[in-house]
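Input: a single structure, listed below in structure tokens.
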Amino acid sequence: MARALPLLALLLTHNLASSFPQHHYTDYVLGGELVSGGGAGGTTTGIGSSGTGGTGTGAGEQRFTCPEPTTTTSDCTCMYASSDYEIQCPVINPEITVKIKPGIYAQIQCYEKQEFSDLPTLNVGNTTQVKIIHCPLPQRQSIKQFIKFLGVNHVKDFWYQNYGKDFGVRLIRQHFEGMHDLEKLFLSSGIEDIQPDLFADLPNLKWLILRSNHVKLLHNVFDNLTNLIILELGANQITELEPGLFKNQRKLRHLNLWRNQLRNISKESFRGAETLQELDLSVNAIETLNSDVFTLLPDLTVLNLGFNRFTVLPDNLLSENRKLREFKFINNQAPLQTLPEAFLGNLPQLKSVILNRCSFTHLPASLFRGSSEITHMDLSYNQLGSVPELLLRDQLRLQDLNLAYNELESLPEHLLENTRELLTLRLSYNRLYNLSANIFASLDKLTELHLNDNFLHAIDRLTFSNTKALGKLYMQNNHLSFHDFSFVLQEQDIADTDGTPFQYLENLQILNLRNNSITTIFRDWNYNNLHLRELDLSYNNISTLSYLSLQMSASI
Numbered sequence: 163m164a165r166a167l168p169l170l171a172l173l174l175t176h177n178l179a180s181s182f183p184q185h186h187y188t189d190y191v192l193g194g195e196l197v198s199g200g201g202a203g204g205t206t207t208g209i210g211s212s213g214t215g216g217t218g219t220g221a222g223e224q225r226f227t228c229p230e231p232t233t234t235t236s237d238c239t240c241m242y243a244s245s246d247y248e249i250q251c252p253v254i255n256p257e258i259t260v261k262i263k264p265g266i267y268a269q270i271q272c273y274e275k276q277e278f279s280d281l282p283t284l285n286v287g288n289t290t291q292v293k294i295i296h297c298p299l300p301q302r303q304s305i306k307q308f309i310k311f312l313g314v315n316h317v318k319d320f321w322y323q324n325y326g327k328d329f330g331v332r333l334i335r336q337h338f339e340g341m342h343d344l345e346k347l348f349l350s351s352g353i354e355d356i357q358p359d360l361f362a363d364l365p366n367l368k369w370l371i372l373r374s375n376h377v378k379l380l381h382n383v384f385d386n387l388t389n390l391i392i393l394e395l396g397a398n399q400i401t402e403l404e405p406g407l408f409k410n411q412r413k414l415r416h417l418n419l420w421r422n423q424l425r426n427i428s429k430e431s432f433r434g435a436e437t438l439q440e441l442d443l444s445v446n447a448i449e450t451l452n453s454d455v456f457t458l459l460p461d462l463t464v465l466n467l468g469f470n471r472f473t474v475l476p477d478n479l480l481s482e483n484r485k486l487r488e489f490k491f492i493n494n495q496a497p498l499q500t501l502p503e504a505f506l507g508n509l510p511q512l513k514s515v516i517l518n519r520c521s522f523t524h525l526p527a528s529l530f531r532g533s534s535e536i537t538h539m540d541l542s543y544n545q546l547g548s549v550p551e552l553l554l555r556d557q558l559r560l561q562d563l564n565l566a567y568n569e570l571e572s573l574p575e576h577l578l579e580n581t582r583e584l585l586t587l588r589l590s591y592n593r594l595y596n597l598s599a600n601i602f603a604s605l606d607k608l609t610e611l612h613l614n615d616n617f618l619h620a621i622d623r624l625t626f627s628n629t630k631a632l633g634k635l636y637m638q639n640n641h642l643s644f645h646d647f648s649f650v651l652q653e654q655d656i657a658d659t660d661g662t663p664f665q666y667l668e669n670l671q672i673l674n675l676r677n678n679s680i681t682t683i684f685r686d687w688n689y690n691n692l693h694l695r696e697l698d699l700s701y702n703n704i705s706t707l708s709y710l711s712l713q714m715s716a717s718i
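Counting from 163, one number per residue, gives the positions in the sequence shown under our numbering.
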């Protein structure tokens, strides 16, 4: 037993060495540059200083300078740091701040004060973006007039956020008067209702972000937004999409409706938005869909239906969406045991499929039939006790397959026969008992395999004979002993054998066999696995360590 100590020390040393965090010296260098780059790291001046730390400008460009002091701005300060100017009023415990990056953005943020009378008149010039945070808008004054003191020109991107603070101001059409050139509008201010003419004077708007408000109903709101490309309506309280809501959105590409209260959606909801490419309907209360709901969206490439309450999905739901590239169906909130035959079949451009946490107990063999371009497939966190042998028959391009966290007791012999491009395979946290000789026979490009946390007792000697590209193999928390492959050389305490299943893995770098039932170290782990650099044998039944074992361990 005394000889067991060197093994323990070796394993502890290896684990400790790999657990120390790496120092990212680059971070320290960058930090040093920030400290030394501008003398004291920035220039703080009273209002009226030129702000000598200002950014350089090209010929003919306007250069921003800190404003001259007045009787109302004498208690303000102007600071320059990291290419940004910041004006604070008052100096101590500021109640309002203005941040300016010349030519890029101007941001006003209120803390206590809710009016701008103490702020100096500025001359920001051409600035793409203006943000107002936690400040109330005027009742009967346009935003353009409201921010006139900034001296900004050609604003194309306007953000207004108050994180649910109620200032008693209702957005009306007048607020956007004179902002015809606006292309991006972000409103997150607790809006409860939107008047039909609110955006009537914004014909050039391309992005409209109405995330995190309290909007329930939309009626003819988008009629004048004919150039809209991106529409974000997530995190509201929308209960329905009236027919024709997007009838004039002929250029719309992205529509996000996540985290609302939608229960039913009809085909007519999308009429006019035939160019839509990405649609997010996740985190709603949808229980079912008509089979024709997406037929008006032939250009759809990304669809997210996760976090709903589907009890059934119709056949042919995606039959007209042959450009679909990504399908997400995650964490369904109602019992749904399976999907229809060929539900994701005959989609020639489909690349990514995520079907995890949906409580599936079985899947049809034809589920992906004819969709041969899938590269990423995630079926994890379901209740699959088995998978059909022909489930992956057409997956000629599959590179990443995740079947972890299911209830698989075995794998069909020919399940992976056509997945010759597979690089990563995750089978962890199932109930697999053994692995046959041919189960991975076609996977000559596989580089990473996760088999940990199963019930594995036996592995055929030829299981990994064709997976010679394998670099990472995780088999911890199983019941492996490899007794069938060995006899122990007398006085050497190392197993001599015709070879364990790992003898073919000449490119193996990481082998995790932690918490199994292994009693000895095998000779081929030294002589065959020449690139092995991490071998975890902790929490096994190894009681002695020979000179040959130490010699092998020293090379790892």
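Note that the Cβ used here is the ideal one computed from N, Cα and C, for glycine as well.
Check: beta-carbon E579 near the ligand NAP non-hydrogen atom, thresh 6 Å; Outcome: For the structure depicted, the ligand NAP is absent and the ligand set is empty, with no information on it obtainable.
Check: Straight-line Cα distance separating N255 from I249; Outcome: 13 Å
Check: Identity of the residue in W321, F384, D562 and H381 nearest H612 by Cα; Outcome: D562
Check: Buried or exposed by the 16-neighbour rule on C-beta atoms within 10 Å, applied to Y267; Outcome: buried
Check: Whether C251 touches I262 by CB criterion (7 Å); Outcome: no
Check: Cβ distance (whole Å) where Q545 is taken to contact S521 below 8 Å; Outcome: 6 Å
Check: For K293, the nearest candidate out of F348, L360 and R302 (CA to CA); Outcome: F348
Check: Rounded C-alpha distance that separates E430 from S351; Outcome: 30 Å
Check: CB of S528 within 7 Å of CB of E488, strictly; Outcome: no
Check: Nearest-angstrom beta carbon gap, A631 and D725 [assumed within contact, 8 Å]; Outcome: Beyond the ends of the chain as shown, which are 163 and 718, falls residue 725; an answer cannot be given.
Check: Beta-carbon gap between L441 and L465 smaller than 7 Å; Outcome: yes
Check: Three-state class that DSSP yields for S350 in the structure shown; Outcome: strand
Check: Identity of the residue in L443, L486 and H381 nearest E535 by Cα; Outcome: L486
Check: Residue from C297, T681, H693 and P282 whose Cα sits closest to the Cα of S721; Outcome: Because the chain is modelled from 163 through 718, residue 721 falls outside the range shown and cannot be assessed.
Check: Local Cβ density within 10 Å of F649, reported as buried at 16 or more and exposed below that; Outcome: In this prediction, F649 scores a pLDDT of 43, lower than 50, which makes its location untrustworthy; the coordinate-derived value is nonetheless stated afterwards. F649 comes out exposed.
Check: Distance CB(T586)-CB(E610) smaller than 7 Å; Outcome: yes
Check: Rounded separation between P264 and A362 - CA only; Outcome: 30 Å
Check: Contacts around R484, its chain only, beta-carbon distance under 8 Å, and the 5 residues preceding and following it disregarded; Outcome: P460, N508, L509, P510 and Q511
Check: Beta-carbon proximity list for K490, same chain, < 6 Å, skipping 5 on both sides; Outcome: N466, G468 and I516
Check: For R412, the three-state DSSP class (helix, strand or coil); Outcome: coil
Check: T289 and V260 closer than 7 Å at C-beta; Outcome: no
Check: Range covered by the beta strand (DSSP E) that runs through K263; Outcome: I258 to K263
Check: Three-state secondary structure (DSSP) of L192; Outcome: Unreliable positioning characterises L192 in this predicted model, as indicated by a pLDDT of 25, which lies under 50. A coordinate reading is not provided.
Check: 7 Å Cβ shell around F472 - same chain, five flanking residues per side excluded; Outcome: I448, E449, T450, N494, A496 and L498
Check: Contact belief for E402 with L424 at Cβ below 8 Å, rounded distance in angstroms; Outcome: 7 Å
Check: Whether N596 touches N614 by CB criterion (7 Å); Outcome: no
Check: Supposed contact pair I392 and H376 - C-beta distance, whole angstroms, cut 8 Å; Outcome: No, H376 and I392 are not in contact; Cβ-Cβ is about 21 Å, not under 8 Å.
Check: Cross-strand partners of V314 (DSSP beta bridge); Outcome: G287
Check: Inter-residue spacing [alpha-carbon to alpha-carbon] between S700 and W687; Outcome: 16 Å
Check: Limits of the unbroken beta strand (DSSP E) element including Q271; Outcome: Y267 to C272
Check: Endpoints, the alpha helix (DSSP H) within which D556 is located; Outcome: Run containing D556: none; DSSP gives neither H nor E here.
Check: Beta-carbon spacing of L344, L380 below 7 Å; Outcome: no
Check: Rounded separation between D359 and F338 - CA only; Outcome: 11 Å
Check: Any beta strand (DSSP E) of 3 or more consecutive residues that is wholly inside the region 509 to 572; Outcome: 514 to 516, 538 to 540 and 562 to 564
Check: Runs of beta strand (DSSP E) lying entirely within the region 581 to 637, each at least 3 residues, in chain order; Outcome: 586 to 588, 610 to 612 and 634 to 636
Check: Proximity below 7 Å, CB of Q399 to CB of K368; Outcome: no
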